[in-house]
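**Student:**
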Amino acid sequence: MKNTPPETGAFFARDRDMHPPAYAPWYKTSVLRSPQRALISLEGTKSEITGPVFGHGLLNELDNDLIMNYAKPGEMAVGQRILVHGQVLDERGIGVHGALVEFWQANAGGRYRHKKETYLAALDPNFGGVGRAITDENGYYWFKTIKPGPYPWPNGVNDWRPAHIHFSIFGHGFAQRLITQMYFEGDPLIWKCPIVKTIPDEDAIKRLVAPLDMNATIPMDMRAYKFDIVLRGRRSTLFENRKEGN
Amino acid sequence: MVQPLGYLKESASQTAGPYVHIGCTPNFVGIEGIFDQDLGSGPLYNDKTRGERITIRGHVYDGGGNTLKDGLVEIWQADTDGFYNSPSETRGKADPNFLGWARCPGDMATGEFVFHTIKPGKVPFDGTRWMAPHITFWVVARGINIGLQTRMYFPDEEDANAADPVLARIEHKVRIPTLIANRQGDDYVFDIRLQGENETVFFDI
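Chains as they are written, first to last, in full-length UniProt numbering: chain C, 1 to 246; chain P, 1 to 205.
(1) Check whether chain C comes within 9 angstroms of residue 81 of chain P, counting only Cβ atoms and requiring the distance to be less than that.
(2) Which residues of the UniProt domain "Intradiol ring-cleavage dioxygenases" (84-112) of chain C have a Cβ closer than 7 angstroms to any Cβ of chain P? Give them in chain order.
(3) For residue 103 of chain C and residue 143 of chain C, which I take to be in contact (beta-carbon distance under 8 angstroms), what is that distance rounded to the nearest angstrom?
(4) Any beta carbon from chain C within less than 9 angstroms of residue 152 of chain P's own beta carbon?
(5) Between the Cα of residue 6 of chain C and the Cα atoms of P/87, P/119, P/133 and P/183, which residue gives the shortest distance?
(6) Give, in chain order, every residue of the region 40-61 of chain C whose Cβ lies closer than 7 angstroms to some Cβ of chain P.
(7) Around the C-beta of residue 140 of chain P, are 16 or more other C-beta atoms found within 10 angstroms, so that it is buried, or is it exposed?
(8) Excluding the 5 residues flanking residue 195 of chain P on each side, which residues of the same chain have their C-beta closer than 6 angstroms to its C-beta?
(9) For residue 53 of chain C, which residues of its own chain have a beta-carbon under 7 angstroms away from its beta-carbon, when the five flanking residues on both sides are left out?
(10) Exposed or buried, which one is residue 56 of chain P when buried takes at least 16 other CB atoms within 10 Å?
(11) Please specify which runs of the beta strand (DSSP E), each continuous and at least 3 residues long, are wholly inside the region 111-172 of chain P, giving them in chain order.
(12) Compute the Euclidean distance between the alpha carbons of residue 208 of chain P and residue 60 of chain P, then round it to the nearest angstrom.
(13) With H, G and I counted as helix, E and B as strand and the rest as coil, what does DSSP make of residue 176 of chain C?
(14) Pull up the CB-CB distance for residue 57 of chain C and residue 10 of chain C, whole angstroms please, since I reckon it's below 8 angstroms.
(15) Which residues in the same chain as residue 246 of chain C place their Cβ atom closer than 7 angstroms to its Cβ, once the five residues preceding and following it in sequence are excluded?
(16) In its own chain, which residues sit with a C-beta less than 7 angstroms from the C-beta of residue 51 of chain P, not counting the 5 before and 5 after it?
(17) In whole angstroms, what is the alpha-carbon distance linking residue 71 of chain C and residue 85 of chain C?
(18) Consult DSSP for residue 182 of chain P and reduce its assignment to one of helix, strand or coil.
(19) What does the alpha-carbon distance come out to for the pair residue 188 of chain C and residue 152 of chain P?
(20) What do you get for residue 11 of chain P, buried or exposed, if any count of 16 or more other CB atoms within 10 angstroms of its CB means buried?
(21) Since residue 41 of chain P meets chain C, which of its residues come closer than 8 angstroms, beta carbon to beta carbon?
(22) Got a sec: which bits of the region 1-30 of chain P sit with their beta carbon under 9 angstroms from any beta carbon on chain C, in order along the chain?
(23) Apply the 10 Å Cβ neighbour rule to residue 172 of chain P and answer buried if 16 or more other Cβ atoms are within range, or exposed otherwise.
(24) Which complete alpha helix (DSSP H) runs does the region 14-57 of chain C hold, if anything under 4 residues is left out?
(25) Would you mind telling me which residues of chain P sit closer than 7 angstroms to residue 120 of chain C, beta carbon to beta carbon, in chain order?
(26) What span of residues does the beta strand (DSSP E) with residue 29 of chain P cover, start to end?
(27) Going by DSSP, name the residue or residues bridged to residue 164 of chain C.
(28) Considering only residues of the same chain and omitting the five flanking positions on each side of residue 18 of chain C, which have a CB-CB separation below 6 angstroms?
(29) Does DSSP put residue 202 of chain C in a helix, a strand or coil?
(30) Going along the region 104-124 of chain P in order, which residues come within less than 8 angstroms of chain C, judged by CB to CB distance?
If you want it as C-alpha cells, here you go:
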C-alpha cells in the first residue's frame, strides 16, 4: 500500500446531471421504484466519508478468472476469451488503491446462471459468471472472462440488452459506493437500450463503453478491453478549518 | 481562455438489475464453489465484539405497496463507541472485531432482509454537535437507477434523535418517522418505502 496518510475530506458533490434520474418511464420497472420526493442533501459526515476496507486476503487465486473459476477440472468456459483491465480513479485523476471491484455477467449466449432466469439460451456448465479483484497501489485491476452475449428482456416487446458486464465498486468512503455496467466498443445495441438511455448525457454513456485494447491483447490467447472507472473525488482537509482539532 | 480545470467525471450509475445476486451473493443463488461464503453475510459480530447485540429486519416496498423480492441492502455503521472501522476514522481505533459493514439480499419469497449487528454509538457531526446513533442503508435493485442512501435511527433514543443535526435538516418534520425503526419484540423493524405514502427520506450525500 502507498505510504500516504488516509484522506479524511468530504467528497465532491455528486453531479446528478451525469447520472440517470430515478424515474425513467421507458425503463418500465423504474416507474414504481423511484422516489417522488426530492433527495435531502447532506454534506459528508463521518458516516459518509468512511467506508469498509477489504484486504487482499479475501481473494482466492481464481477470483479474477471467470474462464476457469467455475470450470470442471480439465475444462474451461466456451466463448470469446477476453481480458478486461483498467484503473479505478477518483475525479482528481488519482488511482484508488485497495478498491474492491466485483463483476458479474451472462455467458457467451446471453444466459445468466440465476434461479429466476428463464431465457432459452443454454447454460454453460463451466461458466459461473462472477468474479472480483482488489485494485493495486495505483488503482489497477484486471480479470479474464468470456465476452457476454446480448440478452432479451421483457420491457418493450423486442428489447435486447447490449453485451455488458455489471460492476460494483467500493472506494475509500461509503459515499463513493457505485454500481454500473460496462459495454463493448462498436455494439449497435448500446444506442437502442432503454437502460443505457436512462443516462441523460451522451458523453457519460461513452465513458461506460470499453474500447478494444490491442496493446493489452495476449497474442494467440485473448483480446483485451480497457475499462476505467471514476469514483467521486474528495476535498483536501489541508484547506479546511480543523473543526475537531485533529 | 483559461486552463481547463481537468477534473474527471464520476462514472454514471446503472441499475444493479435482477441478477445482482450473481455478483454480490452468488452462494445465495446456488453458484457455489467460487467464493467460500457470500461477502457481508452472517452476523456482524463475533464472540469478542463489544456492544449490545440487536437484530434489524424489514422489507423494501415499491409505489404499489409490493415488496421487492430482488433487492439488495447494504449497511454501514460505527462500533459501540461511535468509531468507524475505516482508515478515514481519525479520532481513535474502532473495535477490531467489528467491520461495520454487511449486505443482505431480500428473501426471494418474502423480500425480507435481516441483519444481526450491534447498536452503534453516537458519532460527532462537527466540533460541537453529535449525531444520534444511526445506521447507513444503501438499497439497489432492478428498477433503481442509482443506489438509494438512507439512515435508520432508533426509537429508544428520543432525546438524541431530537438533537440530531441530520434529522433537523428535514424540513417536513412529518417525514422524520420514516427514518426511525419500530420495536417489535426484541427486534428493530425498518421498512423502506421507495415511493408514495410515507415515502422514506433518501439522501444525496
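Heads up, the beta-carbon is just placed ideally off N, CA and C, and yes, glycines get one too.
**Tutor:** Taking the structure as given:
(1) Not one chain C Cβ lies under 9 angstroms of residue 81 of chain P.
(2) Within the UniProt domain "Intradiol ring-cleavage dioxygenases" (84-112) of chain C, the qualifying residues are 89, 91, 92, 93, 102, 103, 104 and 112.
(3) Yes, residue 103 of chain C and residue 143 of chain C are in contact; Cβ-Cβ is about 7 angstroms, under 8 angstroms.
(4) Not an interface residue.
(5) When C-alpha distances from residue 6 of chain C are compared across P/87, P/119, P/133 and P/183, the shortest belongs to P/87.
(6) So the list reads 40, 41, 42, 44, 45, 46, 47, 48, 49, 50, 51, 52 and 53, given in the order they occur along the chain.
(7) If you draw a 10 Å sphere on the C-beta of residue 140 of chain P, you find 16 or more other C-beta atoms in it, and that means buried.
(8) The residues 63, in chain order, have a CB closer than 6 angstroms to that of residue 195 of chain P in the same chain once the five nearest residues on each side in sequence are set aside.
(9) Once the five neighbours on either side are set aside, the close Cβ partners of residue 53 of chain C are 98.
(10) Classification for residue 56 of chain P: buried.
(11) Counting only runs of 3 or more, we get 113-118, 134-140 and 148-153.
(12) Summary: the structure shown does not reach residue 208 of chain P, with chain P confined to residues 1 through 205, and so no result is reported for it.
(13) Correct three-state label for residue 176 of chain C: helix.
(14) So it is not a contact: roughly 30 angstroms between Cβ atoms.
(15) Residue confidence for residue 246 of chain C is low, a pLDDT of 35 falling below 50, so the modelled location carries little weight; the figure read from the coordinates is stated next. If we look at residue 246 of chain C and ignore the five residues flanking it on each side, it has no Cβ neighbours.
(16) Result list for residue 51 of chain P: 79, 80, 118 and 119, in chain order.
(17) Computed Cα separation, rounded: 22 angstroms.
(18) Strand.
(19) Roughly 43 angstroms separates the two Cα atoms.
(20) Flag for residue 11 of chain P reads buried.
(21) None at all; the shortest Cβ gap to chain C is about 13 angstroms.
(22) Answer set for the region 1-30 of chain P: 6, 7, 8, 9, 10, 11, 12, 13, 14, 15, 16, 17, 18, 19, 20, 21, 22, 23, 24, 26, 29 and 30.
(23) Around the beta carbon of residue 172 of chain P, a 10 Å sphere encloses fewer than 16 other beta carbons of the protein chains shown; the residue is thus reported as exposed.
(24) Runs found: 46-49.
(25) None at all; the shortest Cβ gap to chain P is about 16 angstroms.
(26) From DSSP, residue 29 of chain P is part of no beta strand (DSSP E); its letter is neither H nor E.
(27) In the DSSP assignment, residue 164 of chain C forms a beta bridge with C/183.
(28) Excluding positions up to five away in sequence, the list reads 201 and 204.
(29) Note: residue 202 of chain C maps to helix in three-state DSSP.
(30) The region 104-124 of chain P vs chain C, Cβ under 8 angstroms: 108, 123 and 124.
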